[in-house]
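A.B. asks: In mature numbering (1 follows the signal peptide of the UniProt record, and there is no 0), the protein residues as written are -24 to -1, 1 to 823.
All residues carry an ideal CB built from backbone N, CA and C; glycine is no exception.
Handing you this structure, nothing more for now.
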């Protein structure tokens, strides 16, 4: 059995689903967070300390098979080593050591006690986060970073996703030379003629998933997500591309000459974490430079997070990893993929709209967005009917026949398909969240339909309440409008901080284009994903942090081409410290996720909790002057600062005997290009000191001077205030003192923000290119938390009640940090208007 080789799976595994928004994902969107919790599975990932392999075993794989045969009664009953080997799905030997195996629960408990096994983790479910954007982020074919790096030629980007459509024009290799000799990857399961100097690798790690549903084992994309993502980052130049008449022009990826390697982890039913680890393991072994993963799930402690564990292994090998931040915004603590060794990407809107009109019977015209393809200046006035829930039980013919349905929840193309089958005349999909702005998702509807923002929908609701027989008509110009809206903006669905795993670490890191993005699409997959849609196109428009993530991966590829010796942390630092905080109007980037009652119908600036450091700017990111570097030792010290046990650390460092060093001052002292500082709101005069080290990456001698914009209620002092550098790669450290001052009547929980910038006006025209965000959290501890934690025992469940997610996650975080269990699962549930969390804890020595 070859390392990282997939085998057919006979029982259903848990899946990591691709995170996208357009087409409402490939299944109806979950209605609350209860569906985001980890699911039970008989697939387990076993972490092993490869250094403890007994010498009698020739290979690690023989050792693993012996473990299963010896310690699994069912395998022993079946009689042979072959039976045990058949239960092993994958083996891992690059980003981590161990294997994925089918086990019953009692077998998994026994396996956890086998000498050499450091951890046994149950499979978990995560959800997939689903031509103008390169120009919008400042890339120009004639000059700058594209011409300086020859469009990223030679850099290899690996994608862990739903597969690839090799025939797409975006993967043509015109003008590209052969892939570098050190490349070890290749195409498996495709006709050899379909791979070329552009598509240099394609492997399938989803074969057990395909076997479960009777599908073929192939890296070919039958869902569309992987093809879209890969071409967003590295698609070749294609003229006259578009979705029908929408967004037509020259399509190209962020790094148009970068090479593509696809590692398929699943399809329309998602990806198991076992398959994802195998895909990452293979990608790193093959020699990719960058990995893009548009996957996400509910955040859990790093030692129990498959993506966190595998991506630290990739970081150890010098591979930059970009991950989608999730589509669960705009609520706080919703961001996922929050490890400090990955770049977490949020979604932003670009300056492009696809307007469509809804004319009310009163004569008022509401402008929404739509990708419906039938031109019509004014359709017939049609009766309106309002539905709060649009599903098969609600969309009954006697209710919707011949009417335009106003759907308050989940009104995407899936609902449109159901409505069309029930005889509905049209759909108005209302953004049911109190989001401000016009950054709604444009959908390729199969019947007359459009999406309306919350602010526009309020006018529609007022009209429908005032009329006994409300009517409306549609207007579809089928046009693309650019440059007329403020952009970028932080879109409402993009997941927000604070970081629920480590509040002292800012996430997301940056924003990138993620709303209504045009990219390649399989020519035999329906535009709306759902059958019986007969429409086909080589390109499609989709939205989600899934679309933002490959933008960041493409930028990383360009930076890697210019600076081949930069570490992943240096690349991420370049992006963060040069990120834009102003939009195309010269004003602060705004937040579409701010609630109306707060925004009062005005534009409100996006905070770092929504935008991270800001919107990525490739040209400046490749020339930041100073960078903040970090490596595996720094990250292990970071994990030690979280009070992880030896057992928990061994999933990252198998031979560790415990923490010998840690970060003075806790996790906030990681050398990260941002600051998050928490103060107790009941006092003032409290002081926190944090240190950062910068590395000079510019050739000539330079002097940098600090500029501080302090958050309200905090005095910020930087020492020294001047940094002088004589040569490239020289390092300098500085200390920042944060002192709380009296704030008057502060809220019990509040955030304030500022920044520190190291300026050298002779290096760049923009003095903010080395800008670090400061996030100050003012909190009052609730004494109920301590009394709640006190009686905890080895096995227990506790329900934490609160009025909102933020309050609950603070309680859960306190619970975790005080008790420090080996396993802590947090399940978000909704009971009418009362939100609560169910936390299940198991002691580090318990079974």
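What are the residues that DSSP puts in a beta bridge with residue 518?
C.D. replies: Answer is 493.
A.B. asks: Could you check whether the stretch 612 to 630 touches the stretch 521 to 534, counting it as contact only if at least three pairs of C-beta atoms, one from each stretch, sit closer than 8 Å?
C.D. replies: These segments do not touch.
A.B. asks: Please return the same chain residues whose Cβ sits closer than 6 Å to the Cβ of residue 598, not counting the five positions on each side in sequence.
C.D. replies: Only 121, 535 and 538 meet the Cβ criterion.
A.B. asks: Count the other C-beta atoms from every protein chain shown that fall within 10 angstroms of the C-beta of residue 119, then say buried if there are 16 or more, exposed otherwise.
C.D. replies: That one is exposed.
A.B. asks: List the endpoints of the continuous alpha helix (DSSP H) containing residue 85.
C.D. replies: Per DSSP, residue 85 belongs to the alpha helix (DSSP H) from 81 to 87.
A.B. asks: Taking 8 Å as the cut-off, decide whether the C-beta atoms of residue 613 and residue 638 are in contact.
C.D. replies: A contact, by the Cβ cut-off of 8 Å.
A.B. asks: Out of 596, 36 and 696, which has the shortest C-alpha to C-alpha gap to residue 61?
C.D. replies: Here the closest residue by C-alpha is 36.
A.B. asks: By Cβ distance below 7 Å, which residues in the same chain neighbour residue 824 in space, the five residues on each side in sequence not counted?
C.D. replies: With the chain covering -24 to 823 only, the question about residue 824 has no answer from this structure.
A.B. asks: State the start and end residues of the unbroken alpha helix (DSSP H) segment that holds residue 389.
C.D. replies: Run containing residue 389: 389 to 397, per the alpha helix (DSSP H) assignment.
A.B. asks: Look up residue 359 in the DSSP assignment and give the residues it is bridged to.
C.D. replies: DSSP, once it has assigned bridges, lists 447 as partnering residue 359.
A.B. asks: Which term fits residue 167, buried or exposed, when burial requires 16 or more other beta carbons within 10 angstroms of its beta carbon?
C.D. replies: Exposed.
A.B. asks: If we count the other Cβ atoms within 10 Å of its Cβ and call it buried at 16 or more, is residue 446 buried or exposed?
C.D. replies: That one is buried.
A.B. asks: Quick check on residue 568: buried or exposed, where buried means 16 or more other Cβ atoms within 10 Å of its Cβ?
C.D. replies: With 16 or more Cβ atoms within 10 Å of its Cβ, residue 568 is classed as buried.
A.B. asks: Can you check DSSP and say which residues form a bridge with residue 340?
C.D. replies: In DSSP, residue 340 forms no bridge with anything.
A.B. asks: Determine the direct distance from the alpha carbon of residue 260 to that of residue 533, and round the result to whole angstroms.
C.D. replies: C-alpha separation (whole angstroms): 15 Å.
A.B. asks: Over the uninterrupted beta strand (DSSP E) stretch that includes residue 425, give me the two end residues.
C.D. replies: It spans 425 to 428 - the beta strand (DSSP E) in which residue 425 sits, taken as one unbroken run.
A.B. asks: From residue 649 to residue 737, what does the alpha carbon distance come to, in whole angstroms?
C.D. replies: Each residue's Cα considered, the two are about 20 Å apart.
A.B. asks: Note down the Cα distance separating residue 84 from residue 240, rounded to an integer number of angstroms.
C.D. replies: Roughly 27 Å between the two C-alpha positions.
A.B. asks: Which one of 274, 255, 305 and 263 has the shortest CA to CA distance from residue 286?
C.D. replies: Selected option, being the one with the closest Cα: 255.
A.B. asks: Of all the options 528, 419, 615 and 706, which has the alpha carbon lying nearest to the alpha carbon of residue 595?
C.D. replies: Nearest of 528, 419, 615 and 706 to residue 595, Cα basis: 528.
A.B. asks: Whose CA, out of 662, 665, 516 and 509, lies closest to the CA of residue 496?
C.D. replies: When each option's Cα is compared against that of residue 496, the closest is 516.
A.B. asks: Starting from residue 96 and walking both ways along the beta strand (DSSP E), at which residues does that stretch end?
C.D. replies: Residue 96 -> beta strand (DSSP E) spans 93 to 98.
A.B. asks: Using C-beta distances below 8 Å, list every residue in its chain close to residue 645, excluding the 5 sequence neighbours before and after it, in chain order.
C.D. replies: Result list for residue 645: 617, 639, 666 and 667, in chain order.
A.B. asks: Would residue 588 and residue 487 be called neighbours here (beta carbons separated by less than 8 Å)?
C.D. replies: Taking 8 Å as the Cβ cut-off, residue 588 and residue 487 qualify as a contacting pair.
A.B. asks: Within 10 angstroms of its Cβ, does residue 48 collect 16 or more other Cβ (buried), or is it exposed?
C.D. replies: The residue is buried, with at least 16 neighbouring Cβ atoms inside 10 Å.
A.B. asks: Decide if the stretch 143 to 151 is in contact with the stretch 163 to 183; the criterion is three or more beta carbon pairs, one per stretch, under 8 Å apart.
C.D. replies: As far as the Cβ criterion goes, the stretch 143 to 151 touches the stretch 163 to 183, which means the pair count is three or higher.
A.B. asks: Can at least three beta-carbon pairs, one atom from the stretch 214 to 229 and one from the stretch 243 to 253, be found at a separation below 8 Å?
C.D. replies: No, the stretch 214 to 229 does not touch the stretch 243 to 253.
A.B. asks: My output table needs one value for residue 246: the three-state DSSP class, helix, strand or coil.
C.D. replies: Residue 246: strand per DSSP, three-state reduction.
A.B. asks: Count the CB pairs spanning the stretch 25 to 43 and the stretch 84 to 100 that are closer than 8 Å, and state whether there are at least three.
C.D. replies: Result yes; three or more Cβ-Cβ pairs closer than 8 Å.
A.B. asks: I want to know whether the stretch 217 to 224 touches the stretch 156 to 163 - three or more CB-CB distances under 8 Å.
C.D. replies: Flag = no, the stretch 217 to 224 and the stretch 156 to 163 do not touch.
A.B. asks: Which class does residue 873 belong to by DSSP, given the choice of helix, strand or coil?
C.D. replies: This structure does not reach residue 873, given that the chain is present from -24 up to 823, and the question cannot be answered.
A.B. asks: According to the neighbour-count rule (16 or more other Cβ atoms, all chains shown, within 10 Å of its Cβ), is residue 336 buried or exposed?
C.D. replies: The residue in question, residue 336, is buried, as its Cβ has 16 or more Cβ neighbours within 10 Å.
A.B. asks: Do you know offhand how far residue 270's Cα is from residue 207's?
C.D. replies: Straight-line Cα distance between these residues: approximately 13 Å.
A.B. asks: Consult DSSP for residue 552 and reduce its assignment to one of helix, strand or coil.
C.D. replies: Of the three classes helix, strand and coil, the one that applies to residue 552 here is helix, per DSSP.
A.B. asks: Check residue 228 in the structure and name its three-state DSSP category.
C.D. replies: Here residue 228 sits in coil by DSSP.
A.B. asks: Determine the direct distance from the alpha carbon of residue 200 to that of residue 141, and round the result to whole angstroms.
C.D. replies: Rounded to whole angstroms, residue 141 to residue 200 spans 8 Å at the Cα level.
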